[in-house]
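One structure below.
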Amino acid sequence: MAYGNISPSAYVLEIFKGIKSSELEESLLVLPFSYVPDILKLFNEFIQLGSDIELLCRCLFFLLRIHFGQITSNQMLVPVIEKLKETTISKVSQVRDVIGFNMAGLEYLKRECEAKSEVMFFADATSQLEEKKRKRKKREKLILTYT
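In structure tokens, the structure reads:
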């Protein structure tokens, strides 16, 4: 009730979101294995919903890495891991497609802006400046070798 009438599973996701990125692995490391099966089931639900895929995959892979022996020896977790594998692969590929589409859109907008205003973006201008410096240094080295 204090957290705005959210479900327990949504509360768990909010807690994971609230953990600092630098402290996430340490927090998962101190988590007892008895909680891991329930968390893996929750991760499957969250990934199916498509919420915070990057965060959940990071947590999932870390938990699998540190508890690999216990998870693989537990026959109750095999179906959970299989479901997680299927949903994670499909959702990650969807996220990758969206990111690729967005990157292509940004590149298109960049080219359009450059064509309209004939002004280069900062990264391109600095890279061209660095390239000119490299060519100048090469030329200077060649001149020094000939003399």
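Numbering (full-length UniProt numbering), first residue to last: 1 to 147. All C-beta atoms in this analysis are idealised placements derived from N, C-alpha and C, irrespective of residue type, glycine included.
| Item | Value |
| --- | --- |
| Report all residues from its chain with a CB closer than 8 angstroms to the CB of residue 17; omit the five preceding and five following residues, and keep chain order. | 52 and 55 |
| I need the straight-line Cα distance from residue 44 to residue 112, nearest angstrom please. | 41 angstroms |
| What does the alpha-carbon distance come out to for the pair residue 22 and residue 58? | 12 angstroms |
| Taking all protein chains shown into account, do 16 or more other C-beta atoms lie within 10 angstroms of the C-beta of residue 60, making it buried, or fewer, making it exposed? | buried |
| Can you give the Cα-Cα distance for residue 97 and residue 88, rounded to whole angstroms? | 14 angstroms |
| Is it right to say residue 6 is buried, meaning 16 or more other beta carbons lie within 10 angstroms of its own, or is it exposed? | exposed |
| Expressed to the nearest angstrom, what Euclidean distance is found between the alpha-carbon atoms of residue 110 and residue 117? | 11 angstroms |
| What's the C-alpha gap between residue 198 and residue 33? | Here the chain covers residues 1 to 147 and nothing more, so residue 198 does not appear. |
| Hey, residue 71 and residue 36: beta-carbon distance below 9 angstroms or not? | yes |
| Between the Cα of residue 49 and those of 64, 13 and 73, spot the shortest distance and give me the residue it belongs to. | 13 |
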